[in-house]
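Visitor: Right, I'll just put the structure down here and ask away after.
Protein chains: 2
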Amino acid sequence: MITIGQLADYAGVTIKAIRHYHERGLLPEPDRDSSGYRRYTAKDAVDLVKIRTLAHAGVPLARIKDLLDADPDTLTAAIAEIDHDLQDRIAQLRRTRDQLAQLHGGDRLFVSPEVADYLDELRELGASERQIHLERDGWILMQTASPEDACLWIAEKRQLMTDPEFRALYLEHDTAYDWSPDDPRLPALADRTRDWFSHHDSLTEVRPVHNPALARLAAQSQPGASSPAWDRLAQLMNG
Amino acid sequence: MITIGQLADYAGVTIKAIRHYHERGLLPEPDRDSSGYRRYTAKDAVDLVKIRTLAHAGVPLARIKDLLDADPDTLTAAIAEIDHDLQDRIAQLRRTRDQLAQLHGGDRLFVSPEVADYLDELRELGASERQIHLERDGWILMQTASPEDACLWIAEKRQLMTDPEFRALYLEHDTAYDWSPDDPRLPALADRTRDWFSHHDSLTEVRPVHNPALARLAAQSQPGASSPAWDRLAQLMNG
DNA sequence: CTTGACCTTGCCCCAGGGGCAGGGTTCGAC
DNA sequence: GTCGAACCCTGCCCCTGGGGCAAGGTCAAG
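Going down the list, the protein sequences come from chains A and B. Okay, so the first sequence: first residue is 1 according to this note's numbering, each after it adds one. Okay, so the second sequence: first residue is 1001 according to this note's numbering, each after it adds one.
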């Protein structure tokens, strides 16, 4: 006949937990000795280890209570199910570990693999970090608003990027961010851009996502992400 | 500018959780649109995914809050620590899985490996399930009350069990459980038992754990685990 | 006879949300 | 133009699985 503390040590739980299980009706209240102390038997120890094992497996206490006096078949099925669940949770934790590792690194955590690859391409191309960041935020927003469309658009955009002329225009737009709105190169850039699209928009339906549109969307998401030169550029192209 | 529902879908959390993070100061409250709806930016999406990843890793929300604006070195150290913790928890879950499997199987969960082996030997010997159960409960109690003594005693008991005469006596005691207290075989059994101990107790210090003592201890733990024949047997041997 | 380690009950506290009430908004279909 | 579905808002109480602390009673050893 052991005390609550000894029982707790044996089963590797706290005294508090045992009293909690009494309250929930999981473990029957044992008889008391003359001083009112609870006195436990070996059966309690066995039951408690069962309870502890199931509780550690994440089984809700209410369900443990039912399981304790279920017939063997039910118990077997339940244990199989709990084990399955445990495997799932282990897999989930492993995935969380992977994500945790990426948390520090790149953007792969926030955008689809395709977009992440695209961002890498931009980096290789020599785009500014500001631009890449802008693009990333734009794609996050697009994926959120409409994942299917974002998927189509990113494919088209990467296709576009295989064109050397488009790449050149893209990079020049990037550089133009810091220009003065009076810069004489802006009208020329606007013309070349309009020109390029007029020759290509029959081939693709890409216009809704061409760079300025993307920039505007991203600008909405990050107030102040546009620039005077870009605003002027938009004027010139739409006017 | 996306709504709370879209953001929640993107990050894989509930709307409720996002509002909870606002309350805890983890994620800043965004601006509202004209109808009072919260409107989120790409930055919020990025932050929320970080929060979600850390939260799934079991990091307390208060700590996540600190981590979000910690310097990179602190963050790196923290992530390493969190990852360690995750590995621990994966290992713990695996151990729980093993225990869960044993929960269904034998008694190895509740007693030391030595005692478990001993119980297996009893089973091979042909002891009754009732007897094995009684022994098991007795050892659980002993291990709880005094693990070191239990360790010594189980070693001595297993040593004793190598003696064929002792094994025979043991099994006869087991069988005697169901006898009538008037059974004529009882006095003879009592004599043979006393005889055996008088020839062997000089060799070992085993008397405190000989079978009747164990039976009595187990009987205390399980009211009604003794029998009229055993009570009579105890009388005959002590008298 | 004290001291420290036990035990008792009772109460409130925590994280991380879930659920529901009771209301306003938006958007597409008819 | 109006109706319903699907959103959104705040506010409140609820849950699990205990932890912590208070204010006392008990026990065993020195």
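All C-beta atoms in this analysis are idealised placements derived from N, C-alpha and C, irrespective of residue type, glycine included.
Grab me the residues of B/Ala1155's own chain with a C-beta within less than 8 Å of its C-beta, minus the 5 sequence neighbours each way, in chain order.
Guide: Residue 1155 of chain B sits at position 155 when you count from the first residue of the second sequence. Cβ within range, chain order: Glu1114.
Visitor: Kindly list the residues whose CB is nearer than 6 Å to the CB of B/Thr1162, restricted to its own chain and excluding five residues on each side of it in sequence; keep chain order.
Guide: For the purposes of this step, residue 1162 of chain B is taken as residue 162 along the second sequence, with counting starting at 1. The answer is none, since no qualifying residue turns up.
Visitor: A/Arg39 and A/Asp47 look like a contact to me (Cβ under 8 Å); what is the Cβ gap, rounded to whole Å?
Guide: Indexing the first sequence from 1 puts residue 39 of chain A at position 39. Indexing the first sequence from 1 puts residue 47 of chain A at position 47. At roughly 15 Å, the Cβ-Cβ gap does not stay under 8 Å, so A/Arg39 and A/Asp47 are not in contact.
Visitor: Is A/Tyr40 helix, strand or coil when you go by DSSP?
Guide: By 1-based counting over the first sequence, the position of residue 40 of chain A is 40. Reduced to three states, the DSSP call for A/Tyr40 is strand.
Visitor: Pull out every residue of the stretch 1038 to 1059 of chain B whose Cβ sits closer than 7 Å to any Cβ of chain A, in chain order.
Guide: Residues passing the 7 Å Cβ filter: Thr1041, Ala1042, Lys1043, Ala1045, Val1046, Val1049, Lys1050, Thr1053, His1056, Ala1057.
Visitor: If you draw a straight line from the C-alpha of B/Pro1030 to the C-alpha of A/Phe166, how long is it?
Guide: Taking the first residue of the second sequence as 1, we reach residue 1030 of chain B at position 30. Taking the first residue of the first sequence as 1, we reach residue 166 of chain A at position 166. Their Cα atoms are separated by approximately 36 Å.
Visitor: For the candidate residues A/Ala101, A/Tyr10, A/Arg94, A/Thr96, whose alpha-carbon lies nearest to that of B/Ala1080?
Guide: Indexing the second sequence from 1 puts residue 1080 of chain B at position 80. Looking at the Cα atoms, A/Ala101 is the closest of the given residues.
Visitor: Among B/Lys1065, B/Ala1042, B/Gln1006, B/Gly1058, whose alpha-carbon lies nearest the alpha-carbon of B/Glu1240?
Guide: The requested residue 1240 of chain B does not occur in the structure, where chain B is confined to residues 1001 to 1239.
Visitor: For A/Ala42, which of B/Thr1144, B/Cys1151, B/Ala1017 has the nearest alpha-carbon?
Guide: Here residue 42 of chain A refers to the residue found at position 42 when the first sequence is read from its first residue. Minimum Cα distance to A/Ala42 is reached at B/Thr1144.
Visitor: Pull out every residue of the stretch 83 to 105 of chain A whose Cβ sits closer than 8 Å to any Cβ of chain B, in chain order.
Guide: Correct list: Asp83, Leu86, Gln87, Arg89, Ile90, Gln92, Leu93, Arg94, Thr96, Arg97, Gln99, Leu100, Ala101, Leu103, His104.
Visitor: In three-state DSSP terms, what is B/Arg1032?
Guide: Against the second sequence, residue 1032 of chain B aligns to sequence position 32. It is a strand residue.
Visitor: Can you name the residues of chain B whose CB is closer than 9 Å to the CB of A/Thr76?
Guide: In the first sequence, the residue the question calls residue 76 of chain A occupies position 76. Within 9 Å Cβ-Cβ: His1104.
Visitor: Cβ closer than 8 Å: which chain A residues qualify as neighbours of B/Ala1145?
Guide: Looking up residue 1145 of chain B in the second sequence gives position 145. Near B/Ala1145 (Cβ distances below 8 Å), the residues of chain A are Ile2, Gln6.
Visitor: CA-CA distance, A/Pro147 and A/Ala127?
Guide: To locate residue 147 of chain A, count along the first sequence from 1; it is residue 147. To locate residue 127 of chain A, count along the first sequence from 1; it is residue 127. When rounded, the distance between both Cα atoms is 25 Å.
Visitor: Please confirm if A/Leu26 has its CB atom under 8 Å from at least one CB of chain B.
Guide: Translated into the one-based positions of the first sequence, residue 26 of chain A becomes position 26. Chain B contact via Cβ: absent.
Visitor: Using only alpha-carbon positions, find the residue among B/Lys1157, B/Thr1096, B/Asp1137, B/Ala1229 that is nearest to B/Glu1121.
Guide: The residue labelled residue 1121 of chain B in the question sits at position 121 within the second sequence. When only C-alpha atoms are compared, the closest one is B/Lys1157.
Visitor: From B/Asp1174, B/Ile1015, B/Ser1198, B/Asp1149, pick the residue whose C-alpha is nearest to that of B/Leu1125; which is it?
Guide: The count along the second sequence starts at 1 and reaches residue 1125 of chain B at position 125. The residue with the shortest Cα to Cα distance from B/Leu1125 is B/Asp1174.
Visitor: Using 8 Å as the limit for Cβ to Cβ distance, is A/Leu109 near chain B?
Guide: Taking the first sequence and counting its residues from 1, one reaches residue 109 of chain A at position 109. It does: the Cβ of A/Leu109 has a partner Cβ on chain B nearer than 8 Å.
Visitor: Beta-carbon of B/Asp1163 versus every beta-carbon of chain A: anything under 8 Å?
Guide: As a working note, residue 1163 of chain B is residue 163 in the second sequence. Taking Cβ atoms only, chain A never reaches closer than 8 Å to B/Asp1163, which makes this a no.
Visitor: Quick one, which residues of the stretch 129 to 142 of chain A are near chain B if we go by CB-CB under 9 Å, in chain order?
Guide: Answer set for the stretch 129 to 142 of chain A: Arg136, Asp137, Gly138, Trp139, Ile140, Leu141.
Visitor: Within 10 angstroms of its Cβ, does B/Tyr1037 collect 16 or more other Cβ (buried), or is it exposed?
Guide: For the purposes of this step, residue 1037 of chain B is taken as the residue at position 37 of the second sequence. By the 10 Å Cβ count, B/Tyr1037 comes out exposed.
Visitor: Please list, in chain order, all residues of the same chain as B/His1013 whose beta carbon is under 6 Å from its beta carbon, the five residues on each side excluded.
Guide: Position 13 of the second sequence holds residue 1013 of chain B. The amino acid at residue 1013 of chain B is misidentified as His; the sequence shows Val. Closer than 6 Å at Cβ, skipping near neighbours: Arg1052.
Visitor: Which value, in whole angstroms, describes the spacing of the CA atoms of B/Glu1172 and B/Leu1189?
Guide: Working through the second sequence from its first residue, we reach residue 1172 of chain B at position 172. Working through the second sequence from its first residue, we reach residue 1189 of chain B at position 189. Rounded to whole angstroms, B/Glu1172 to B/Leu1189 spans 8 Å at the Cα level.
Visitor: From A/Ala91 to A/Ala77, what distance separates their C-alpha atoms?
Guide: The count along the first sequence starts at 1 and reaches residue 91 of chain A at position 91. The count along the first sequence starts at 1 and reaches residue 77 of chain A at position 77. Distance between the alpha carbons of A/Ala91 and A/Ala77: 21 Å.
Visitor: So, using beta-carbon positions, are B/Ala1176 and B/Leu1160 closer together than 8 Å?
Guide: For the purposes of this step, residue 1176 of chain B is taken as residue 176 along the second sequence, with counting starting at 1. For the purposes of this step, residue 1160 of chain B is taken as residue 160 along the second sequence, with counting starting at 1. Not a contact, by the Cβ cut-off of 8 Å.
Visitor: Quick one: residues in its chain with C-beta nearer than 8 Å to the C-beta of A/Leu75, no 5 flanking neighbours on either side, listed in chain order?
Guide: Walking along the first sequence from the start, residue 75 of chain A turns up at place 75. So the list reads Leu67, once near-sequence residues are dropped.
Visitor: Hey, is B/Ile1015's beta-carbon within less than 8 Å of any beta-carbon in chain A?
Guide: Numbered from 1 along the second sequence, position 15 holds the residue referred to as residue 1015 of chain B. Not one chain A Cβ lies under 8 Å of B/Ile1015.
Visitor: Would B/Asp1231 and B/Pro1184 qualify as a contact pair, given that the criterion is a beta-carbon distance under 8 Å?
Guide: Counted from its first residue, the second sequence places residue 1231 of chain B at position 231. Counted from its first residue, the second sequence places residue 1184 of chain B at position 184. Against a cut-off of 8 Å, the Cβ pair of B/Pro1184 and B/Asp1231 comes out as no contact.
Visitor: When you compare only the Cα positions, how much space is there between A/Leu119 and A/Gly105?
Guide: Along the first sequence, read from residue 1 onward, the residue named residue 119 of chain A stands at position 119. Along the first sequence, read from residue 1 onward, the residue named residue 105 of chain A stands at position 105. Whole-angstrom Cα-Cα distance: 14 Å.
Visitor: May I ask which residues mark the beginning and end of the alpha helix (DSSP H) holding A/Asp183?
Guide: Within the first sequence, the letter at position 183 stands for residue 183 of chain A. Element bounds for A/Asp183: n/a, residue is neither H nor E.
Visitor: I'd like to confirm the pairing. Which residues does DSSP put opposite A/Ile2 in its beta bridges?
Guide: Counting from one through the first sequence, the residue named residue 2 of chain A turns up at place 2. Paired residue(s): A/Tyr40.
Visitor: Taking just the CA atoms, how far does A/Phe197 sit from B/His1056?
Guide: On the second sequence, position 56 is the one that residue 1056 of chain B refers to. On the first sequence, position 197 is the one that residue 197 of chain A refers to. B/His1056 and A/Phe197: Cα-Cα distance of roughly 46 Å.
Visitor: Rounded to the nearest angstrom, what separates A/Leu236 and A/Glu135 at their Cα positions?
Guide: Looking up residue 236 of chain A in the first sequence gives position 236. Looking up residue 135 of chain A in the first sequence gives position 135. Between A/Leu236 and A/Glu135, the C-alpha separation is close to 22 Å.
Visitor: Going by alpha carbons, who is nearest to B/Leu1054 out of B/Gly1005, B/Leu1086, B/Thr1193, B/Pro1072?
Guide: The residue labelled residue 1054 of chain B in the question sits at position 54 within the second sequence. Checked all of B/Gly1005, B/Leu1086, B/Thr1193, B/Pro1072; the closest Cα to B/Leu1054 is B/Leu1086.
Visitor: Mind checking A/Leu203: buried by the 16 CB within 10 Å criterion, or exposed?
Guide: Residue 203 of chain A sits at position 203 when you count from the first residue of the first sequence. Unreliable placement is indicated for A/Leu203, whose pLDDT of 48 sits below 50; no coordinate value is reported for it.
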